[in-house]
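Asks: Under UniProt numbering, the letters of the sequence shown match residues 1 to 313, in that order.
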Amino acid sequence: MAALIRNALRQIDVQDMLVFVTILSCESARETADVLGLSPSTISYSLKRLRECFDDELFLVRKGAMSPTPKAEAIAPYVQAAIDSINRCAAPEDALLAEMRRRTFRTQAPEYYELLLLPRIVETVAAPFGVTLETERLGAELPVERLLAGKLDLAFGFGPGYHRIHPELEWRSVLDEDFVCLTSVSSLRGKKISLDEFLTHPHVHPTPWDATTNMVDGWLDTIGRQRRIIARANTYQACLNIIEKTPLLFSLPRRLFPLLKIPESAHVFEPPMGFPTFTLDVIWSKRRADESRWLREQLARVIDSMLAFPAPT
Numbered sequence: 001m002a003a004l005i006r007n008a009l010r011q012i013d014v015q016d017m018l019v020f021v022t023i024l025s026c027e028s029a030r031e032t033a034d035v036l037g038l039s040p041s042t043i044s045y046s047l048k049r050l051r052e053c054f055d056d057e058l059f060l061v062r063k064g065a066m067s068p069t070p071k072a073e074a075i076a077p078y079v080q081a082a083i084d085s086i087n088r089c090a091a092p093e094d095a096l097l098a099e100m101r102r103r104t105f106r107t108q109a110p111e112y113y114e115l116l117l118l119p120r121i122v123e124t125v126a127a128p129f130g131v132t133l134e135t136e137r138l139g140a141e142l143p144v145e146r147l148l149a150g151k152l153d154l155a156f157g158f159g160p161g162y163h164r165i166h167p168e169l170e171w172r173s174v175l176d177e178d179f180v181c182l183t184s185v186s187s188l189r190g191k192k193i194s195l196d197e198f199l200t201h202p203h204v205h206p207t208p209w210d211a212t213t214n215m216v217d218g219w220l221d222t223i224g225r226q227r228r229i230i231a232r233a234n235t236y237q238a239c240l241n242i243i244e245k246t247p248l249l250f251s252l253p254r255r256l257f258p259l260l261k262i263p264e265s266a267h268v269f270e271p272p273m274g275f276p277t278f279t280l281d282v283i284w285s286k287r288r289a290d291e292s293r294w295l296r297e298q299l300a301r302v303i304d305s306m307l308a309f310p311a312p313t
């Protein structure tokens, strides 16, 4: 939720901001009154309120002109930007859509997001609104500095608690997920597999994002167990292609099952009791929340629609 860092800032209204930028331009309170169609007393009151809120004189009379203080010069671009933003909000809908069509949204995400959500977002958001979506592969750590600097609009990661969240970032879980296991080991056809059986067979593991650990092996570590991984691949589909040729086990997020080409020889079974689950989390900069709000709202609509009409499994 948006908040002001000082309660005194609540006193400022749009008229005060207009008084500020007009004095900055005219260097005269009298001329500012004429330009804005306000009385001199109203200008004086607005200027008094601005000085109290910003704890600075803002304008000093020098040689008959109102000269800005260093503080006034420093905040001037931000005040003007606030006025410009308000004007954009009042623009006709066509103008707002035209501006939105120039937007490029940049995200960083794992392959899970690219397979499950990105096609739906392109279909329902990018194509109709004409925006551009660029997705980078999620790194080993969240791209904190790039989110804070506005170089990325959103990041997608896993939870709960899988990533360290910087205090200047906000996050929200948008999907709950669990796993299904696949194998071409014929002896496991139709079985409910135990943990011992799960660990007896070798595994193939995907690395669809840059990380040194993963949920399954993290869970096994907590219970003092270990599995043998004999192959790693960059994508989920590559792992499925491997188990088609080699009798290995593969743990796949359940929602991806209908989106991938499953080998005819693959047997599907539930993972052992206690197997980890996870959430897909969306992460953004608190300070830049307004910039990513529209995309987050569209994402929420896409996910609500997906949950209401899930793909067949």
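Quick reminder that beta carbons are idealized off the backbone N, C-alpha and C, glycines included.
1. Nearest-angstrom Cα distance between residue 17 and residue 78?
2. Which residue from 114, 187 and 209 puts its Cα closest to that of residue 201?
3. So what's residue 134 in DSSP terms, helix, strand or just coil?
4. With DSSP as the reference, label residue 174 as helix, strand or coil.
5. Between the C-alpha atoms of residue 1 and residue 293, what's the straight-line distance to the nearest angstrom?
6. Please classify residue 86 as buried or exposed, where buried requires at least 16 other C-beta atoms within 10 Å of its C-beta.
7. State the beta-bridge partners of residue 181 as determined by DSSP.
8. What separation, rounded to the nearest whole angstrom, lies between the Cα atoms of residue 220 and residue 275?
9. Go through the UniProt domain "HTH lysR-type" (12-69) residue by residue and report every complete run of the alpha helix (DSSP H) that reaches 4 residues or more, in order.
10. Taking 8 Å as the cut-off, does the region 166-183 touch the region 241-260 (at least 3 CB pairs, one atom from each stretch)?
11. Spatial neighbours of residue 307 within its chain, please: C-beta separation below 6 Å, excluding the five flanking residues on both sides.
12. DSSP on residue 305, reduced to helix/strand/coil?
13. Might you give, ordered along the chain, the residues of its own chain that have their beta carbon closer than 6 Å to the beta carbon of residue 175, omitting 5 neighbours on each side?
14. So which of 209, 75, 178 and 261 has the shortest CA-CA distance to residue 271?
15. Could you check what DSSP says for residue 108 in three-state terms: helix, strand or coil?
16. Check the DSSP bridge columns for residue 79 and list the partner residues they point to.
17. Between the C-alpha atoms of residue 32 and residue 299, what's the straight-line distance to the nearest angstrom?
18. So what does DSSP say about residue 194, is it helix, strand or coil?
19. Less than 9 Å between the C-beta atoms of residue 263 and residue 241, yes or no?
20. So what's residue 161 in DSSP terms, helix, strand or just coil?
21. Assuming the contact rule is C-beta atoms closer than 8 Å, residue 46 and residue 19 should be a hit. Round their C-beta distance to whole Å, please.
Replies: Taking the definition as stated:
1. Counting from one through the sequence shown, the residue named residue 17 turns up at place 17. Counting from one through the sequence shown, the residue named residue 78 turns up at place 78. So the alpha carbons of these two residues sit roughly 10 Å apart.
2. Position 201 of the sequence shown, counting from 1, holds the residue named residue 201. Of 114, 187 and 209, the residue nearest in Cα terms is 187.
3. In the sequence shown, residue 134 corresponds to position 134, counting from 1. Note: residue 134 maps to strand in three-state DSSP.
4. Mapped onto the sequence shown, residue 174 falls at position 174. Here residue 174 sits in strand by DSSP.
5. Taking the sequence shown and counting its residues from 1, one reaches residue 1 at position 1. Taking the sequence shown and counting its residues from 1, one reaches residue 293 at position 293. Caution is warranted here: a pLDDT of 47 is assigned to residue 1, below 50, making its placement in the model unreliable, and the coordinate value is therefore given only provisionally. Computed Cα separation, rounded: 11 Å.
6. For the purposes of this step, residue 86 is taken as the residue at position 86 of the sequence shown. The residue is exposed, with fewer than 16 neighbouring Cβ atoms inside 10 Å.
7. Here the question's residue 181 lines up with position 181 in the sequence shown. 251 and 269, per the DSSP bridge assignment.
8. By 1-based counting over the sequence shown, the position of residue 220 is 220. By 1-based counting over the sequence shown, the position of residue 275 is 275. Cα to Cα, the separation comes out at about 9 Å.
9. 14-26, 29-36 and 40-54
10. yes
11. Indexing the sequence shown from 1 puts residue 307 at position 307. Excluding residues within five positions, none has a Cβ falling inside 6 Å.
12. Position 305 of the sequence shown, counting from 1, holds the residue named residue 305. Correct three-state label for residue 305: helix.
13. Along the sequence shown, one-based indexing puts residue 175 at 175. Hits under 6 Å: 280.
14. Here the question's residue 271 lines up with position 271 in the sequence shown. It is 178 whose Cα lies nearest to the Cα of residue 271.
15. Indexing the sequence shown from 1 puts residue 108 at position 108. It is a strand residue.
16. Start at 1 with the first residue of the sequence shown, and residue 79 comes out as number 79. None; residue 79 has no bridge partner.
17. Here the question's residue 32 lines up with position 32 in the sequence shown. Here the question's residue 299 lines up with position 299 in the sequence shown. For residue 32 and residue 299, the distance between alpha carbons rounds to 45 Å.
18. The residue given as residue 194 occupies position 194 in the sequence shown. Coil at residue 194, not helix or strand.
19. Numbered from 1 along the sequence shown, position 263 holds the residue referred to as residue 263. Numbered from 1 along the sequence shown, position 241 holds the residue referred to as residue 241. Yes, they are a contact pair.
20. Counting from one through the sequence shown, the residue named residue 161 turns up at place 161. Coil.
21. Taking the sequence shown and counting its residues from 1, the one referred to as residue 46 is at position 46. Taking the sequence shown and counting its residues from 1, the one referred to as residue 19 is at position 19. Yes, residue 46 and residue 19 are in contact; Cβ-Cβ is about 4 Å, under 8 Å.
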